[in-house]
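So the protein lines, in turn, are chains X and R. For the first sequence, the working numbering begins at 1 and goes up steadily by one. For the second sequence, the working numbering begins at 1001 and goes up steadily by one. What follows is a short report on a single structure.
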Amino acid sequence: MTLNISLEEIYETYKMTEKEHFDIRAVTLGINLLPCVSDSFATLCERVEKKITTTARHFVKRAEKVDSRFGIPIINKRLTITPAALVLSGALTGNATTDRKHAVAFAELLDKCASEVGVDFLGGYGALAEKGLSYADQTLIDAVPEALGCTEKICGFINLATSKAGINMRGVARIGGVIRDLALNSDNAIGAAKFVVFANAVSDNPFMAGGFHGIQEADNVLNLGISGPGVVRRTVEAAPRDLALDEISELIKKTAFKITRAGELIGRELARDLGVRFGSLDLSLAPTTAVGDSVGRILEAMGLERVGTHGSTAALALLTDAVKKGGLMASSRIGGLSGAFVPVSEDVGLSEAVKCGALTMDKLEAMTTVCSVGLDMIPVPGDTKTTTISAIIADELAIGVMNNKTTAVRLIPVPGKKAGEMVSWGGLLGEAYIVPLHSENSDYFIWRKGQIPAPVTSFRN
Amino acid sequence: MTNSDKNKDLAVVLVIGKDRSGIVAQVSDFLWKEEINIEDISQKIMQGIFVMTMLVDLAKARSDLGVLSTKFANFGEDIGLSIQIQHYRIFEAMHRV
Chain X
1 MTLNISLEEI YETYKMTEKE HFDIRAVTLG INLLPCVSDS FATLCERVEK
51 KITTTARHFV KRAEKVDSRF GIPIINKRLT ITPAALVLSG ALTGNATTDR
101 KHAVAFAELL DKCASEVGVD FLGGYGALAE KGLSYADQTL IDAVPEALGC
151 TEKICGFINL ATSKAGINMR GVARIGGVIR DLALNSDNAI GAAKFVVFAN
201 AVSDNPFMAG GFHGIQEADN VLNLGISGPG VVRRTVEAAP RDLALDEISE
251 LIKKTAFKIT RAGELIGREL ARDLGVRFGS LDLSLAPTTA VGDSVGRILE
301 AMGLERVGTH GSTAALALLT DAVKKGGLMA SSRIGGLSGA FVPVSEDVGL
351 SEAVKCGALT MDKLEAMTTV CSVGLDMIPV PGDTKTTTIS AIIADELAIG
401 VMNNKTTAVR LIPVPGKKAG EMVSWGGLLG EAYIVPLHSE NSDYFIWRKG
451 QIPAPVTSFR N
Chain R
1001 MTNSDKNKDL AVVLVIGKDR SGIVAQVSDF LWKEEINIED ISQKIMQGIF
1051 VMTMLVDLAK ARSDLGVLST KFANFGEDIG LSIQIQHYRI FEAMHRV
C-alpha cells in the first residue's frame, strides 16, 4: 500500500498531539443502575457493587490499550451512573435520619467501587428536580455536604430547571445552603468543586463534575469528551492579524472537524473493545492549567487585550459556534455539551484576567449566555450569603431556560477568603483569585421560593 | 485499501533532522530489528532539512505503538533526529472524508 497522506497533513497531526496537547480528555462509561433497585438498602448496595465492579472491570485497562495503540493520550477514565436519588428512592424508609445516613453510606460505597475499578471520578450522585423535590431528592441533597465531603471520587449534581418546566426556586433557595455546607465540610472548600447545579442538564455528558447516566440511555454506554484548546489557540494565533472574523470561524471549524474525527475513531474502537454501545462525542474546549491550554487565550488571540474586556462575549460566541459546527459536520454522534468551557480557576487566561480586574462576575455571566456550560469553578468570598449563592444560581438557570440551552453553576465559597485573595487547589483544579460579588442582598427574592414558570416558547404542543 | 491490507496494522513514521548520509540506513535498520515492515517510503530535502515519511506495518512488530513511540523518540535522540510514529487510521480520520 502506498502512503496517500501528504507531508503537510502528517506534520499537522504530529504538531497537534506533540506540541498542542490534543487529547481525549475523558472516556466515560455510563452504567444504568435501575436494575439494582430494591426496597432493602443492603440488597441495593450489594447489587450496585456487583454491577459497577463487573461492568467496569476491564474499562481502565482497555482504555490504556487504545491510548497506546493510537498514540493519542486518554487523560481521564470515568464512570457515570443513573441519578442516585432515583436508585435510592425505593430503599428509603421514611425516617429522615436513617435515610440520610443511607444516602451518605451509598456515596461511600460508590467511592469504594470507583477505587476498585481504578477510575478517576464517578458522577451521578444527584437528582433531577426541575419541577419539585421528591422525598428522595431532598434526602440526597441534604446528604450532599457530608457525602461529597467524606468521599474522594464522587461527583454530584442537581438539575433545577428546564425550558419545559421553568425553575424550581424552592430547590434553588435550598441549594445555596448546601453549597456553603459542602465548602465548609471539605478541605479548602474543594468539595464544592465536585457539585454542579444545572438547567437543561444533558444525559450523556462525559465531563465532570456534572456527568450522569440519563434514564433515557441504554444500559451501558461509552461517551467521549474531546478537548483541544491548545490546537485551536495555535490555529487562531497563526492567522494574520487582519484576517476577517468569518475566516477565523472557518479555521476553527476545520480544526474542530479534524480533532472530532480522530476522537470518534478512538471512541468507537474503545466501545468495541468493551462490548458496549458508543454513545456520544462531546467536543468541548475544556481548559487545563497547562500554559497554552486556555480558552481565555484563544479569545485574546482573536484581538482582545485581555479576556473580560468589551468584545469578549462576541469572541466567545464565535468560538463556541465554530467548534459546534466543525464537530457536527465531523460526526453524527455529537452530544453532551459541545462548545467552549470557561472554568475560571482551571484556565490561566481567565484566572489572570480576574486578578487584574478585567474579568468580573457580571461579564462572566454575560459570557455564559454563549458558552456551552456556565459559571464554572468560580471561587467567591467565604462569607457570601447563602441567598446570594442561590440568586447567582437563579440568574444562571434563567439564562439556560430562556435560551433553550444547558447552563450550570459550580461556585466555590472559600471560607476565610475575601475578594481578590488567592486560593490554590493545585493539580487539575488550578488556582484563582476570589471573584468579588455585589454586596446588595437578594434575600426576599430567594425567600419567595415557588417556581418560575416555563417561558412561552416552551409551549409548542 | 485492498483485502491483503486488512490484516495490516499500519502506522506513519515521520523523521525530521539535519541532512547527512546514512539516515535512511539507520532508520531502516532500526525498523528491521523491531520487525516492522516498510510499505512505502518518501524522502526529500526541504531548505536543508531532511524529511522522511514512511508507511509501515506493525502487524508483526515486537511492541505495540505506545512502546514503539518511546523507543523511536529515544533512538531519534541518540542519532540526532526527531522520529515520531502514529497510527495510520488517525490520519485517515482527520484528513480524508
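For each residue, glycine too, the CB sits at the ideal point set by N, CA and C.
Quiz prompt | Residue nearest to X/PHE70 in terms of C-alpha spacing, selected from R/ALA1073, R/LEU1065, R/GLY1017 | solution = The option with the nearest alpha carbon to X/PHE70 is R/LEU1065.
Exercise. Let me know the secondary structure DSSP gives X/ILE31 once reduced to three states.
Key: Three-state result, X/ILE31: strand.
Exercise. Ignore the nearest five residues each way along the sequence and tell me which others in X/SER442's own chain have a CB closer than 7 Å to its CB.
Key: The beta carbon of X/SER442 is closer than 7 Å to those of THR387, THR388, ALA391 in its chain, skipping five residues each way along the sequence.
Quiz item: Which residue or residues does DSSP assign as beta-bridge partners of R/VAL1051?
Solution: Per DSSP, R/ILE1016, R/LYS1044.
Self-check item: Bridge partner(s) assigned by DSSP for X/GLN216
Solution: DSSP lists no bridge partner for X/GLN216.
Quiz item: Taking R/ASN1007 as the reference, which of R/PHE1091, R/ILE1090, R/GLN1084, R/LYS1060 has the closest Cα?
Solution: Nearest C-alpha to R/ASN1007 among R/PHE1091, R/ILE1090, R/GLN1084, R/LYS1060: R/LYS1060.
Practice problem: With DSSP as the reference, please indicate the residues paired to X/PHE59 in a beta bridge. | Solution: Looking at the DSSP assignment, X/PHE59 forms no beta bridge with any residue, so it has no partner.
Quiz item: Residues of chain X with CB under 7 Å from R/SER1042, in chain order?
Solution: Proximity of chain X to R/SER1042 at the Cβ level (cut-off 7 Å) is accounted for by LEU3, in chain order.
Self-check item: Any chain R beta carbon closer than 8 Å to X/LEU128
Solution: Taking 8 Å as the threshold, the shortest C-beta distance from X/LEU128 to chain R does not fall below it.
Exercise. Output the residue ranges of the beta strand (DSSP E) runs that lie fully inside the region 310-382 of chain X and measure 3 residues or longer, sorted by chain position.
Key: At a cut-off of 3 residues, the continuous stretches assigned as beta strand (DSSP E) that sit fully inside the region 310-382 of chain X are 375-381.
Quiz prompt | Euclidean distance between Cα positions of X/LYS418 and X/PRO436 | solution = For the pair X/LYS418 and X/PRO436, the Cα-to-Cα distance works out to about 8 Å.
Quiz item: Could you give the uninterrupted runs of the alpha helix (DSSP H) lying entirely in the region 129-176 of chain X, keeping only those of 4 residues or more?
Solution: Runs of the alpha helix (DSSP H) lying entirely within the region 129-176 of chain X and spanning at least 4 residues, in chain order: 135-150.
Quiz item: Exposed or buried, what is X/ARG460 when buried is set at 16 or more other beta-carbons lying within 10 Å of its beta-carbon?
Solution: It is exposed - the Cβ of X/ARG460 has fewer than 16 other Cβ atoms within 10 Å.
Self-check item: Interface positions of the region 1051-1079 of chain R facing chain X (Cβ-Cβ less than 8 Å), listed along the chain
Solution: Per Cβ criterion, the list reads VAL1051, THR1053, MET1054, LEU1055, ASP1064, LEU1065, GLY1066, VAL1067, SER1069.
Quiz item: Is X/CYS356 buried or exposed, if buried means 16 or more other CB atoms sit within 10 Å of its CB?
Solution: Result: exposed.
Self-check item: Beta bridge counterpart(s) of R/LEU1081 as assigned by DSSP
Solution: Answer is R/GLY1017.
Self-check item: Selected residue, minimal CA-CA separation from X/ARG277, among X/THR55, X/VAL295, X/PHE121, X/CYS45
Solution: Here the closest residue by C-alpha is X/THR55.
Practice problem: Count the C-beta pairs between the region 18-36 of chain X and the region 79-86 of chain X that are closer than 8 Å, then say yes if the count reaches three, no if not. | Solution: With a cut-off of 8 Å, the region 79-86 of chain X and the region 18-36 of chain X count as touching, because enough Cβ pairs lie within range.
Self-check item: Per-residue contacts from R/GLN1086 into chain X (C-beta, under 9 Å)
Solution: The answer, in chain order, is ILE10, THR13, TYR14, THR17, PHE70, GLY71, ILE72.
Practice problem: Please classify X/ILE412: does DSSP put it in a helix, a strand, or coil? | Solution: X/ILE412 falls in the strand class under three-state DSSP.
Quiz prompt | Cβ-based burial, X/HIS310 [other Cβ within 10 Å; buried from 16] | solution = Its Cβ having fewer than 16 others within 10 Å, X/HIS310 is exposed.
Quiz item: Would you say X/VAL323 and X/ILE252 are within 8 Å of each other, going by their C-beta atoms?
Solution: Result yes, Cβ atoms of X/VAL323 and X/ILE252 sit closer than 8 Å.
Quiz item: Are there three or more Cβ pairs, one per stretch, closer than 8 Å when the region 191-211 of chain X is compared with the region 147-166 of chain X?
Solution: Touching, per the Cβ criterion.
Quiz item: Counting Cβ pairs, one atom from each stretch, are 3 or more of them under 8 Å apart for the region 215-225 of chain X and the region 237-250 of chain X?
Solution: For the pair of segments examined, the region 215-225 of chain X was found not to touch the region 237-250 of chain X: the number of CB pairs separated by less than 8 Å stays below three.
Quiz item: So, is R/GLN1047 buried or exposed, given that buried needs 16 or more other C-beta atoms within 10 angstroms?
Solution: Result: exposed.
Quiz prompt | Residue(s) in a DSSP beta bridge with R/ASP1057 | solution = Beta-bridge partners assigned by DSSP to R/ASP1057: R/LEU1010, R/ASN1037.
Quiz item: Hey, out of X/GLU421, X/LEU140, X/GLY336, X/LYS385, whose CA is closest to X/ASP204's CA?
Solution: Comparing Cα positions, the closest option is X/GLY336.
Exercise. Could you check the C-alpha separation between R/ILE1036 and R/PHE1030 for me, to the nearest Å?
Key: Spanning the two alpha carbons is a distance of roughly 9 Å.
Exercise. State buried or exposed for X/ALA85, treating a residue as buried only when at least 16 other CB atoms are found within 10 Å of its CB.
Key: That one is buried.
Quiz item: Relative to the C-alpha of X/SER332, which residue among X/LEU265, X/LEU304, X/VAL344, X/ASN188 is closest?
Solution: Looking at X/LEU265, X/LEU304, X/VAL344, X/ASN188, the one whose alpha-carbon comes closest to that of X/SER332 is X/LEU265.
Quiz item: Can we say the region 186-197 of chain X touches the region 403-422 of chain X, given the rule of at least three CB pairs closer than 8 Å?
Solution: Short answer: they touch.
Quiz item: Does X/ARG261 get closer than 8 Å to chain R when you measure Cβ to Cβ?
Solution: At a cut-off of 8 Å between C-beta atoms, X/ARG261 counts as an interface residue with respect to chain R.
Quiz prompt | Strand pairing of R/HIS1087, partner residues [DSSP] | solution = DSSP lists R/ALA1011 as the bridge partner or partners of R/HIS1087.
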